[in-house]
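*Asks:* My questions all concern the structure below.
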Amino acid sequence: MFNAVSITERFAAVPPRIWLTLACVTLILGSLVHYLTDSYRDNLIREINRDTAYELSANASALATAIQSRLLLTNGIKAFVINELTHTGALSDSRFHTFADNFTGRIPGIRNLSIYPNGIARFVHPLTGNENILGLDLFHSEDAEIRRNAERTKLTDDMTILGPRELTQGGLGLLSRQAIEHNGKFWGFVSVVLDINPILQEADLFNGDKGINFSVRGNSLVLMGDPNLFEESAIIRKIELSDGEWEMAAVPNRERLESVASKIRIFRTVCLGSLVLLIYFLYAQMTQKARLQQIVKERTHNLEIANKKLESTFDELTAAAYRDAVTGLYNRTYFNEQLVHKIESGRLAGETLALLYLDLDHFKMINDSLGHIHGDMMLKEAGRRLAELPFPEVEISRIGGDEFTIMIPRIESMEQVRQLAHQVRELFQSPFVIRDTEHFMTTSIGVALFPLHAQDSASLIRNADLAMYRAKDEGKNQFRIYDVSLNPNAEEAMEIKSSLRVALAKDEFTVYYQPQIEVESGKVVGLEALIRWVHPTKGIIAPNNFIPIAEETGLIVPIGERMLQIVCAQSRAWLDAGLPPIRIAVNLSARQFAQKDLPERIGAIVGEHGLDPQSIELEITENMAMKEDMQPALHTLRDMGFTISIDDFGTQYSSLNYLKLLPVDKIKIDRSFVSGIARDRKDEAIIVAMLLIASRLNLTVIAEGVETSEQLAFLQENNCHEIQGFIFHKPQPADQIARLLA
């Protein structure tokens, strides 16, 4: 009782102004805690929403690609039917099943391929499970929607899409149809029926590890996920198809949102605890009257310590909001804010900023096979290596998954950018030792520069990302600097992609030849074969507008073989006309080199035309030549008598020491070095070094892109063997080349 009275008296003795002061301080600091908590929560939610939007866009793109690539089979069936009607006058079950089996057994999600002469189903593959389709009359179907679709398809040359809907043979599917005319009259339809679930699985929409709930809707029918997502505040993306559109919705799942709430609770608890501690010290300080000076100093000192702890806690929590928990590097939030800031600073100072966009090669395979713990250890080691880069003012971030970014300000030259990217690539050449086991993981790097390649942060990120994906497409473990060819007009790219197969079937490709001149004699000693696409309406289309798309779709393989056939046939024709033999150089793509029977295929084409393999030169890139798995094919081709040359030599930092081990006969100096002659001493020094090394290794050297007399004189003085460029001849069709050879 005494203690209770004593405490009451002590509180009553405190002057009102002290209570008022403490109340004001509590109100102000409490408001600050509330503001900081809200800001922290908003930042976390924004980051989750950005990740969700990014994943949604990626999955929507994957789903659209999976659907469109299968719907294009309608064009293939149509071409098959027209070809059969033209050459045989009728269709046969056996030939149709043989043709259709190439697709249904290899591509998941294809329910059946069918043909409807006069609108009645007569041919279906596979027949098993689809027997009830045979005899189905589309124009007299009991289903009004099927009848309307048949009438609409008959009146258009374009593909139509029906569905998603319940199929006649059971299950949920998507149908595409296309009308066929023969001899100027309507003949019938071809149709492709797709299963929905395998396509959704291919688009990775059932992966629960992403922390995102997806929902897909097409034709007002929800195909997967919670239909309520489309009515809530979810992120929604349209999926444009050739005939109609679907929608995808996504929201972070409960676990991700609960993780945000947990972080907020910890943040609020720490702040409130610090606030209580501070108020206590304020109270003690303000209510002490008759203390000795020493006690006053001690209390003051304790208060200062408390303030420092509060500041330190605040700084740590603020830093945590900008740090990646796995690697300790900056996170996506910090990266996005700093990139905007650095672009504005660079704009004001007139300086160049380099953005390197890294994606770890094969990380998903390692993560899936060894588990997330091993995966996190790999990411941590990758972050440690990147953090040791000796670049001044560099800022490194992990922006999600296995993707990292590096921002480097005050770039002075493109050569410096190449050196920096090469240094980053070299960090991943040594093995990652995780729990006493070596793992090999390389990186693909895309590089974009401000202001050369983009004027804002979003465009700079997009262009660096495009360059990174091109580096992956070209074989991984390399870097690619952005150029405009990586970002063609989307509609034009889709048109080219859909026209390439037709161009191949109609033999719309031709070959131009650029002479290669021997420096010592001035004679034409070789030709480089350069493919051209003669489009029926657009005229001649340059290779850089369709080759990347052909690489992406895999059509580069048949196009490359067709080009070699044209070259061999032309070489045979020149020989039969009495012209002297001439060596012709043909480029090989990475996709072609991935074929296990490449030497046999090339040998068969050359042998078919009765040519000596020594008359054909095969050009490959540095990256292709450096890969261990390509060495056997190179040795085989060289043993067969073909000349092997490295194109664009010096642009990818291949090992000069390794060059002596490669089965090559010739190197081609890239035009980027030739253009620096008389302008850049570094380029001249590199060319002289290449010529010296090639001389010691008994390799022939040819320089491409020679356009000026200064460039020609420099190359002559330094004993370059052969010249190719506009200073002598532009690429020409075969009939004009014949006059040069005569």
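For this note's numbering, count along the sequence shown from 1 and bump the result up by 43.
In this text, a Cβ means the ideal position worked out from N, Cα and C, and glycines have one as well.
(1) In the DSSP assignment, find the alpha helix (DSSP H) that holds residue 715 and state where it starts and stops.
(2) Looking at the secondary structure, which residues open and close the beta strand (DSSP E) in which residue 200 lies?
(3) Report all residues from its chain with a CB closer than 8 Å to the CB of residue 333; omit the five preceding and five following residues, and keep chain order.
(4) Alpha carbon to alpha carbon, how far is residue 703 from residue 716? Give it in angstroms, no decimals.
(5) State buried or exposed for residue 753, treating a residue as buried only when at least 16 other CB atoms are found within 10 Å of its CB.
(6) Mind checking whether residue 492 and residue 397 have CB atoms under 7 Å apart?
(7) I need the straight-line Cα distance from residue 696 to residue 519, nearest angstrom please.
(8) Over what stretch of residues does the alpha helix (DSSP H) that includes residue 505 continue unbroken?
(9) Does any residue of chain C have a CB that is nearer than 7 Å to the CB of residue 651?
(10) How far does the beta strand (DSSP E) with residue 551 in it extend, from its first residue to its last?
(11) Whole angstroms is fine: what's the gap from residue 651's alpha carbon to residue 610's?
(12) Give me the Cα-Cα distance between residue 470 and residue 429, rounded to the nearest whole angstrom.
(13) On a Cα-Cα basis, can you pick out the residue from 669, 507, 608 and 726 that is closest to residue 654?
(14) Are at least three pairs of beta-carbons, each pair with one atom in the stretch 239-248 and one in the stretch 317-327, less than 8 Å apart?
(15) Taking 7 Å as the threshold (C-beta atoms), are residue 399 and residue 454 in contact?
(16) Going by beta carbon distance, what residues of the same chain come within less than 7 Å of residue 44, once the five residues before and after it are set aside?
(17) With DSSP as the reference, identify every bridge partner of residue 395, one or two as the case may be.
(18) Would you mind giving the Cβ-Cβ distance between residue 206 and residue 262, rounded to the nearest angstrom? I have them listed as a contact below 8 Å.
(19) Which whole-angstrom value describes the C-beta separation of residue 634 and residue 594, a residue pair presumed to lie in contact below a C-beta threshold of 8 Å?
(20) DSSP on residue 630, reduced to helix/strand/coil?
(21) Considering only the beta carbon of each residue, do residue 729 and residue 750 sit closer than 7 Å?
(22) What are the residues that DSSP puts in a beta bridge with residue 617?
(23) Given a threshold of 16 other Cβ atoms within 10 Å of its Cβ, counted over all protein chains shown, does residue 427 qualify as buried or as exposed?
(24) Going by alpha carbons, who is nearest to residue 25 out of 692, 599 and 739?
(25) Three Cβ pairs or more, each shorter than 8 Å: is that satisfied between the stretch 228-242 and the stretch 133-145?
(26) Return the CA-CA distance between residue 298 and residue 99, expressed in angstroms with no decimal places.
(27) Are the Cβ atoms of residue 233 and residue 218 separated by less than 7 Å?
(28) What does residue 256 pair with, by DSSP beta-bridge criteria?
(29) Is the distance from the Cβ of residue 708 to the Cβ of residue 686 below 7 Å?
(30) With residue 643 as the anchor, note down where its alpha helix (DSSP H) starts and where it stops.
(31) If you drop the 5 nearest sequence neighbours on each side, which residues of the same chain put their C-beta closer than 7 Å to that of residue 296?
(32) Rounded to whole angstroms, what is the Cα-Cα separation between residue 513 and residue 505?
(33) If we count Cβ pairs, one from each stretch, closer than 8 Å, do we get three or more for the stretch 274-285 versus the stretch 105-116?
(34) For residue 434 and residue 447, what's the separation of their Cα atoms in angstroms?
(35) At what residues does the alpha helix (DSSP H) containing residue 78 begin and finish?
*Replies:* Let's see:
(1) 714-717
(2) Segment: none, residue 200 is in no beta strand (DSSP E) and carries neither H nor E.
(3) Confidence at residue 333 is low in this model, with a pLDDT of 42, below 50, so its placement is unreliable and the value that follows should be read with caution. If we look at residue 333 and ignore the five residues flanking it on each side, it has no Cβ neighbours.
(4) 22 Å
(5) exposed
(6) yes
(7) Because the pLDDT of residue 696 is 47, which lies under 50, any placement of that residue in the model is unreliable, and the question is left without a value.
(8) 500-516
(9) The structure shown has no chain C; it contains just one protein chain.
(10) It is not in any beta strand (DSSP E) - residue 551 carries neither H nor E in the DSSP assignment.
(11) When only Cα atoms are considered, residue 651 and residue 610 end up about 12 Å apart.
(12) Their backbone Cα atoms lie some 7 Å apart in a straight line.
(13) Closest by C-alpha distance to residue 654, out of 669, 507, 608 and 726, is 608.
(14) These segments do not touch.
(15) no
(16) Interpretation of residue 44 is limited by its pLDDT of 49, a score under 50 that renders its predicted location unreliable; no figure is taken from the coordinates.
(17) Residue 395 pairs with 454.
(18) 6 Å
(19) 6 Å
(20) strand
(21) no
(22) BP columns for residue 617 are empty, so no partner.
(23) exposed
(24) No information on residue 25 is available, as it lies outside the stretch 44 to 785 that the chain covers here.
(25) The stretch 228-242 and the stretch 133-145 do not touch, with fewer than 3 CB-CB distances between them shorter than 8 Å.
(26) 18 Å
(27) Not in contact: residue 233 and residue 218 (Cβ atoms no closer than 7 Å).
(28) 294
(29) Cβ atoms of residue 708 and residue 686: closer than 7 Å.
(30) 641-651
(31) Taken in chain order, the residues that qualify are 254, 255 and 256.
(32) 12 Å
(33) yes
(34) 16 Å
(35) 59-114
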